[in-house]
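Residue numbers (the working numbering): 1175 to 1325.
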């Protein structure tokens, strides 16, 4: 998670919200990314989706079983859907997202019994660091008079 936080800290340098993800298998980072919604003007360019796409390219398989996804913020509905569909084995996230989180905050998708894959979820790892990073980013934007919705 520390590596994801380091990556997230680089996102504001290009105008992105500081959210980052790493996909790991057997202690090796397969893919890493931070959000690119602003630079790509793409609402789907969340760190999780970019990492899943790159992970599939690297492994030459859309089935990412045996991997762990580390992300600095609780995934949204779109991202947890992709995580389930990619068959990622484990998800570890930092801060909860009370506005869009789909792993316990506004809803809880992973334990849904009708899904064909179960993701082991651990939340709250380095939560305060993740939360502080986001709060500082949005505080700086407000200070500059820039209004942007949360990730």
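Backbone N, C-alpha and C define an ideal beta-carbon position, used for all residues, glycine too.
Item: Residue 1241 versus residue 1259 - alpha carbon distance; Value: 13 angstroms
Item: Helix, strand or coil at residue 1187 according to DSSP, with G and I counted as helix; Value: helix
Item: Simplified DSSP assignment, three categories, for residue 1127; Value: What is shown of the chain runs 1175 to 1325, which leaves residue 1127 out entirely.
Item: Option nearest residue 1182 by Cα separation, candidates 1282, 1268 and 1287; Value: 1268
Item: For residue 1258, the three-state DSSP class (helix, strand or coil); Value: helix
Item: Residue 1180 versus residue 1205: straight-line alpha-carbon distance, rounded; Value: 14 angstroms
Item: Cβ-Cβ separation, residue 1262 to residue 1238 (assumed contact under 8 angstroms), whole Å; Value: 5 angstroms
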